[in-house]
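Undergrad: Take a look at this one; I'll ask things after.
Number of protein chains: 2
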Amino acid sequence: MNKNRRQFIKQVTTATLASAFSTQALADDTLDPFNLQEWRDNQINSPDKHHDILILGAGISGLCVAYELSKLGVNFQMLEARSKPGGRNETLRHGSEIEEFDRTSYCEFNRDKHLYFNVGPARISHHHERVLRYCKELSITLEPLINDNRNTFFSIDGAFNNTPIKAKELYTSQRGLIASTLAQAIEQNLVSHLLPAQHNDHMLKMLTSFGDLDSNYQFSGSIRAGAEANSGVFTPPQAQPSKDFTQVLPHLDKWARRIHFEQSKDQQAAMLQPVGGMDRIVKGFIRNIPKKIRYNSEVLSIKRVKSGSEVTFRNKQGVIKKMTAAQIVVTLPLTVLQDIDHDFSAPIAQEIQNANYTSAGKIAFQSERFWETHEHIYGGISWLGSDNTQLWYPSSGFGRESGVIVGGYIFDGPAGERFANLSNQERVDSALTQMQHVHPEAAEYTYNACSRSWKNTPFSKGGWSSNPPIVEFSHQDGPYIFAGDHTTYLSGWQEGAIASAHRALELLSLD
Amino acid sequence: MNKNRRQFIKQVTTATLASAFSTQALADDTLDPFNLQEWRDNQINSPDKHHDILILGAGISGLCVAYELSKLGVNFQMLEARSKPGGRNETLRHGSEIEEFDRTSYCEFNRDKHLYFNVGPARISHHHERVLRYCKELSITLEPLINDNRNTFFSIDGAFNNTPIKAKELYTSQRGLIASTLAQAIEQNLVSHLLPAQHNDHMLKMLTSFGDLDSNYQFSGSIRAGAEANSGVFTPPQAQPSKDFTQVLPHLDKWARRIHFEQSKDQQAAMLQPVGGMDRIVKGFIRNIPKKIRYNSEVLSIKRVKSGSEVTFRNKQGVIKKMTAAQIVVTLPLTVLQDIDHDFSAPIAQEIQNANYTSAGKIAFQSERFWETHEHIYGGISWLGSDNTQLWYPSSGFGRESGVIVGGYIFDGPAGERFANLSNQERVDSALTQMQHVHPEAAEYTYNACSRSWKNTPFSKGGWSSNPPIVEFSHQDGPYIFAGDHTTYLSGWQEGAIASAHRALELLSLD
Numbered sequence: 001m002n003k004n005r006r007q008f009i010k011q012v013t014t015a016t017l018a019s020a021f022s023t024q025a026l027a028d029d030t031l032d033p034f035n036l037q038e039w040r041d042n043q044i045n046s047p048d049k050h051h052d053i054l055i056l057g058a059g060i061s062g063l064c065v066a067y068e069l070s071k072l073g074v075n076f077q078m079l080e081a082r083s084k085p086g087g088r089n090e091t092l093r094h095g096s097e098i099e100e101f102d103r104t105s106y107c108e109f110n111r112d113k114h115l116y117f118n119v120g121p122a123r124i125s126h127h128h129e130r131v132l133r134y135c136k137e138l139s140i141t142l143e144p145l146i147n148d149n150r151n152t153f154f155s156i157d158g159a160f161n162n163t164p165i166k167a168k169e170l171y172t173s174q175r176g177l178i179a180s181t182l183a184q185a186i187e188q189n190l191v192s193h194l195l196p197a198q199h200n201d202h203m204l205k206m207l208t209s210f211g212d213l214d215s216n217y218q219f220s221g222s223i224r225a226g227a228e229a230n231s232g233v234f235t236p237p238q239a240q241p242s243k244d245f246t247q248v249l250p251h252l253d254k255w256a257r258r259i260h261f262e263q264s265k266d267q268q269a270a271m272l273q274p275v276g277g278m279d280r281i282v283k284g285f286i287r288n289i290p291k292k293i294r295y296n297s298e299v300l301s302i303k304r305v306k307s308g309s310e311v312t313f314r315n316k317q318g319v320i321k322k323m324t325a326a327q328i329v330v331t332l333p334l335t336v337l338q339d340i341d342h343d344f345s346a347p348i349a350q351e352i353q354n355a356n357y358t359s360a361g362k363i364a365f366q367s368e369r370f371w372e373t374h375e376h377i378y379g380g381i382s383w384l385g386s387d388n389t390q391l392w393y394p395s396s397g398f399g400r401e402s403g404v405i406v407g408g409y410i411f412d413g414p415a416g417e418r419f420a421n422l423s424n425q426e427r428v429d430s431a432l433t434q435m436q437h438v439h440p441e442a443a444e445y446t447y448n449a450c451s452r453s454w455k456n457t458p459f460s461k462g463g464w465s466s467n468p469p470i471v472e473f474s475h476q477d478g479p480y481i482f483a484g485d486h487t488t489y490l491s492g493w494q495e496g497a498i499a500s501a502h503r504a505l506e507l508l509s510l511d
Numbered sequence: 001m002n003k004n005r006r007q008f009i010k011q012v013t014t015a016t017l018a019s020a021f022s023t024q025a026l027a028d029d030t031l032d033p034f035n036l037q038e039w040r041d042n043q044i045n046s047p048d049k050h051h052d053i054l055i056l057g058a059g060i061s062g063l064c065v066a067y068e069l070s071k072l073g074v075n076f077q078m079l080e081a082r083s084k085p086g087g088r089n090e091t092l093r094h095g096s097e098i099e100e101f102d103r104t105s106y107c108e109f110n111r112d113k114h115l116y117f118n119v120g121p122a123r124i125s126h127h128h129e130r131v132l133r134y135c136k137e138l139s140i141t142l143e144p145l146i147n148d149n150r151n152t153f154f155s156i157d158g159a160f161n162n163t164p165i166k167a168k169e170l171y172t173s174q175r176g177l178i179a180s181t182l183a184q185a186i187e188q189n190l191v192s193h194l195l196p197a198q199h200n201d202h203m204l205k206m207l208t209s210f211g212d213l214d215s216n217y218q219f220s221g222s223i224r225a226g227a228e229a230n231s232g233v234f235t236p237p238q239a240q241p242s243k244d245f246t247q248v249l250p251h252l253d254k255w256a257r258r259i260h261f262e263q264s265k266d267q268q269a270a271m272l273q274p275v276g277g278m279d280r281i282v283k284g285f286i287r288n289i290p291k292k293i294r295y296n297s298e299v300l301s302i303k304r305v306k307s308g309s310e311v312t313f314r315n316k317q318g319v320i321k322k323m324t325a326a327q328i329v330v331t332l333p334l335t336v337l338q339d340i341d342h343d344f345s346a347p348i349a350q351e352i353q354n355a356n357y358t359s360a361g362k363i364a365f366q367s368e369r370f371w372e373t374h375e376h377i378y379g380g381i382s383w384l385g386s387d388n389t390q391l392w393y394p395s396s397g398f399g400r401e402s403g404v405i406v407g408g409y410i411f412d413g414p415a416g417e418r419f420a421n422l423s424n425q426e427r428v429d430s431a432l433t434q435m436q437h438v439h440p441e442a443a444e445y446t447y448n449a450c451s452r453s454w455k456n457t458p459f460s461k462g463g464w465s466s467n468p469p470i471v472e473f474s475h476q477d478g479p480y481i482f483a484g485d486h487t488t489y490l491s492g493w494q495e496g497a498i499a500s501a502h503r504a505l506e507l508l509s510l511d
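Going down the list, the protein sequences come from chains P and G. When you number the first sequence by the UniProt record's numbering, it's gap-free, plus one each residue, and the end is 511. When you number the second sequence by the UniProt record's numbering, it's gap-free, plus one each residue, and the end is 511.
Set out below in structure tokens:
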């Protein structure tokens, strides 16, 4: 435990903490919460010494560590295998190079600022407070990202004659089925042992409103699911015929999570994104880090030596180099560490062996905005029954000539494997075929496709870890300190990467 | 029926219509749908003649009629009682004058572009296709308006010890109560007559996912309602203790509609707004209308004469003037028509007598963005139990120094009456007291308040009509053609105003 950690815990116990942290006992294992401002203040009062720190990987966690050390004027070195920073925080736009193991291509979108594709993380939750704090500190402008839009489609294979239905039809018919069944049970006095009697009338009133039931507690359609065309303006709104949600019931293993997606902890109907691309966060960090990052430096081995650890890497010219440091911050994905000769402790080594990453991938097209003009879809996601899973509509640039539509966000294992193995042209053809199930006109309007399979991407080899983190990631392992979203329960989220960076800062000895 | 209408219906019956209109039979009474492009095309082929048209009122419906006539080069005249166009489409910003019957004040927001207050309409639904069409045609940039945000508050008087709870706690506990009650009823075989037997297991699976139930089909809290502080990053997420939704049940008369607000037809979680203020739509129309609008012209009487109708009005200098026209488009609110001497047909006159308008009002403050820094609220609405009903957080300018928070959107009758009668200072004091129930720190950060009661506003005298429109608004009444949102089932929405304008265009004789 270093000085700052000790000071921090002392401050906790003397109850000087900001209110945000005051209600929780500290779990020693977790090193959470971390009070960044206090940490910064304490470090600024330390004497300026030579600090022998090496950061491996210039993704979000590595950049965050580097940024905080830079603010303090603390020395460090940094190795990055790619030719650019950011890791999976990658925004493709005109001219971006897209390298995978077996191919190199370029993004051919026009040059317009609004034509970009966040091929890695693409949304920020309001409770991802660490990311939001840096966005504010780095003057990164945020705008809403529409994540759930009831005017998009669900294409549930096996239901509704395989015809896509609107999200509002699905949600409304589900509420109608649930509410009408329970309301009838209450009215027939079947559940009086489950509900205090005084609630019966209230429950009936609530269910009628919740499910938009008729006076017999039946669900017979609702204008919440959409009004008939040409009704509701000069004549009263007429509900369209209701969908029968029981058609979805046999398909819940696949669809339950998708239907309740907007309810989940890290997803909300409206989220946030940086104006102009998620890599504004990368650029924000980079602007404030001295030019210490050695790009094109692929780590080959990491071994303990007397003075700490020695890292062997190959530079752009293919020359093998070595670097030693007393403390090494290891942010590389577990899949990448599998290929590196290391001497980490047994639990870490085992965890690297066990690594299980999603085969996430995305494909996007520049396109005329047919989803706006034809379907009145402004942002949000349509759900496919096929491999490509999600279509994302842009949340900005409404009404412009063109936009970028994500024609597939694949994150389920086998689908991701298949996507990885397709050629670029096969990915385009397959995506268009799948999009046409929801938007028959898609091929007419889309062009300039680009895609990435993270599984097939060097120095990532997968989307994010599906395993929960082991507790050993929370502790120093000799000269090694581990960071990266995979070392947290926020795997796949930038918030996890930054939280892990803060933990690494706490573990680093700067005495 | 004029020539265009006849042509239009002919085209309908010969099945040359765009697909959007192809599935609906035309109800002759409603004059809906209106194919704007066909109307425009037909008119362009008409000979250029002198057309004797007078439009009363330069709100959205009057401006839309004027815009379409201007595009065709058709002559018209226009009277507006205010000194500016737009009617209730009003955006307050630095220096805006706010006139009510008993007071005149000025908006004191700083000059920044993002500091504005849509004191009238403030959101556009994705299915308000007529408004969206004009936004596109007039190059009005749109951005998302976050209408429902699960991180805002519900302050339900009488429940939870009168302590505000987060929307996500409310929604999640409601789903939990409904799902757990029904799931137990299914498991106990109590509702087998209500559901086909083959669905039982599926329903249990669905309800477990829908309500986030435990393995005993109980709702015992959910991380959807928020995780415990400091859990979910280095330790698994822990659900906060769940709220008991039965506390809300006795209060549903007031709260059911509010809780299910985001489900309703014209509301969605994410909607749209023009960047920089709703009055961009007004400016868009005005840019394309010749300077024919006579402002400061208060209509006093409307009477039939041989050549059509004679309108008497008072100009800015107090001089009484007269103007005659063959056709008069009357867009004035029914409340305003009550004060005008007219000779409309009996049903219209009766409807004007019966006019019943909401007493809507709003108050806003410039403020430091404490809701973002303290509560991580980015856009959306909090619901108060007191008069001021809704707090709106801005959906743009995230992270900036200041923003505009709507400290009250009042639309319930008695509350609106009370708001109308308060002095400006009383409105501010009352709003702060009410905001402090949800945000105790509100008074510390807010300043530069401005407010408007539409009830107390000359030439509006209310928010919008609460009565359904009578069918007579769909027909010509001698020289009179009626328009305005109050003549449609979309009362209070700009979409209704524009639909009514299109109907007026159809009824106008341009032969």
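The C-beta atom is built at its ideal place from N, Cα and C for all residues, glycine as well. Model, not experiment: these values are computed from the prediction.
(1) Are G/Y489 and P/P236 close, meaning C-beta to C-beta below 8 Å?
(2) Under 9 Å, CB to CB, which of the residues in the segment 132-165 of chain P have a partner in chain G?
(3) Is it a yes or a no for the segment 204-220 of chain P touching the segment 274-281 of chain P, going by three-plus beta-carbon pairs under 8 Å?
(4) Who are the neighbours of G/I381 on chain P, taking C-beta pairs under 8 Å?
(5) Just to confirm my understanding: we take P/A499, look at its own chain, exclude 5 residues before and 5 after, and list those with CB closer than 8 Å. What are they?
(6) Looking only at its own chain, which residues have a Cβ that is under 6 Å from the Cβ of P/G176, when we skip the five neighbours before and after it?
(7) DSSP state of G/V419, grouped into three classes?
(8) Quick one: what does DSSP say P/R103 is sitting in, helix, strand or coil?
(9) Which residues of chain P have a Cβ atom closer than 7 Å to the Cβ of G/M206, listed in chain order?
(10) What does G/G496 touch in chain P if you count any residue whose Cβ is under 8 Å from its own?
(11) Can you find the residues in the same chain that come closer than 6 Å, C-beta to C-beta, to P/A239, ignoring five residues on each side of it along the sequence?
(12) Using a beta-carbon distance cut-off of less than 8 Å, what residues from the segment 394-406 of chain P approach chain G?
(13) Looking at the unbroken beta strand (DSSP E) that takes in G/F313, where does it start and where does it end?
(14) Work out the CA separation of G/Q273 and G/I124 for me, nearest whole Å.
(15) Would you mind telling me which residues of chain G sit closer than 9 Å to P/P274, beta carbon to beta carbon, in chain order?
(16) Less than 8 Å between the CB atoms is what I'm expecting for G/K455 and G/V336, so what's the real figure, rounded?
(17) Taking the alpha carbon of P/Q494 as the point to measure from, which residue in P/A431, P/T324, P/D266 and P/E372 has its own alpha carbon closest?
(18) Whether or not the segment 253-268 of chain P and the segment 183-195 of chain P are in contact is what I'm after, with contact meaning three or more pairs of Cβ atoms, one per stretch, closer than 8 Å; do they touch?
(19) With 8 Å as the limit, tell me which residues of the segment 318-332 of chain P have their beta carbon closer than that to any beta carbon of chain G; keep them in chain order.
(20) Give the C-beta separation of P/S395 and G/P144 to the nearest angstrom, bearing in mind that I take them to be a contact with Cβ-Cβ under 8 Å.
(21) Going along the chain, which residues of its own chain have a beta-carbon closer than 8 Å to the beta-carbon of P/A349, five neighbours each way excluded?
(22) Give the interface partners of P/S474 over in chain C, defined as CB-CB distance under 9 Å, in chain order.
(23) In chain G, what lies closer than 7 Å to P/M278 by C-beta?
(24) Please specify which runs of the beta strand (DSSP E), each continuous and at least 3 residues long, are wholly inside the segment 409-496 of chain P, giving them in chain order.
(25) Check whether the segment 293-303 of chain P touches the segment 419-426 of chain P, taking contact to mean three or more Cβ pairs, one atom from each stretch, closer than 8 Å.
(26) Compute the distance between the beta-carbons of P/F344 and P/Y447, then report whether it is under 8 Å.
(27) I need the straight-line Cα distance from P/E108 to P/V275, nearest angstrom please.
(28) If you run the structure through DSSP and keep just helix, strand and coil, what is G/S180?
(29) On the criterion of 16 or more Cβ atoms from any shown chain inside 10 Å, does G/A25 qualify as buried, or is it exposed?
(30) With distances taken from CA atoms, which of G/T141, G/L332, G/E368 and G/F473 is nearest residue 545 of chain G?
(31) State the Cα-Cα distance for the pair P/E90 and G/W39, rounded to the nearest angstrom.
(32) For residue 575 of chain G, which residues in chain P fall below 8 Å Cβ to Cβ?
(33) Would the beta-carbon of G/G95 fall within 8 Å of that of G/M78?
(34) What span of residues does the alpha helix (DSSP H) with P/Y134 cover, start to end?
(35) Taking the C-alpha atoms as reference points, what is the distance between G/I98 and G/S83?
TA: In short, the structure shows the following:
(1) yes
(2) L132, C135, K136, S139, I140, T141, L142, E143, P144, L145, I146, N147, D148, N149, R150 and N151
(3) no
(4) Correct list: empty, because the minimum Cβ distance to chain P is about 12 Å.
(5) D32, F34, R130, T488 and L490
(6) G211 and F219
(7) The sequence as given places Phe at residue 419 of chain G; Val does not occur at that position. G/F419 falls in the helix class under three-state DSSP.
(8) P/R103: strand per DSSP, three-state reduction.
(9) L249, L252 and A256
(10) V233
(11) G221, S222 and I223
(12) S395, S396, F398 and G399
(13) Unbroken beta strand (DSSP E) run through G/F313: G308 to R314.
(14) 6 Å
(15) Result: empty, since nearest Cβ-Cβ is about 10 Å, beyond 9 Å.
(16) 12 Å between Cβ atoms; not a contact.
(17) With distances taken between CA atoms, P/Q494 lies nearest to P/D266 out of P/A431, P/T324, P/D266 and P/E372.
(18) no
(19) none
(20) About 6 Å separates the beta carbons of P/S395 and G/P144, which is inside the 8 Å limit, making them a contact pair.
(21) Scanning its chain for C-beta atoms nearer than 8 Å, with the 5 sequence neighbours on each side dropped, one finds around P/A349 the residues H342, in chain order.
(22) Although the question refers to chain C, the structure presented lacks it and instead comprises the protein chains P and G.
(23) Simply none; closest approach about 15 Å.
(24) Segments of the beta strand (DSSP E) lying fully in the segment 409-496 of chain P: 446-453 and 480-482.
(25) Contact between the segment 293-303 of chain P and the segment 419-426 of chain P is absent, because fewer than three Cβ pairs lie under 8 Å.
(26) No. Outside cutoff.
(27) 20 Å
(28) helix
(29) Caution applies to G/A25, whose pLDDT of 32 falls short of 50 and renders its modelled position unreliable; the model cannot decide the point.
(30) Given that chain G is displayed from residue 1 to residue 511, the structure contains no residue 545 of chain G and the question cannot be resolved.
(31) 48 Å
(32) Summary: the structure shown does not reach residue 575 of chain G, with chain G confined to residues 1 through 511, and so no result is reported for it.
(33) no
(34) E129 to E137
(35) 12 Å
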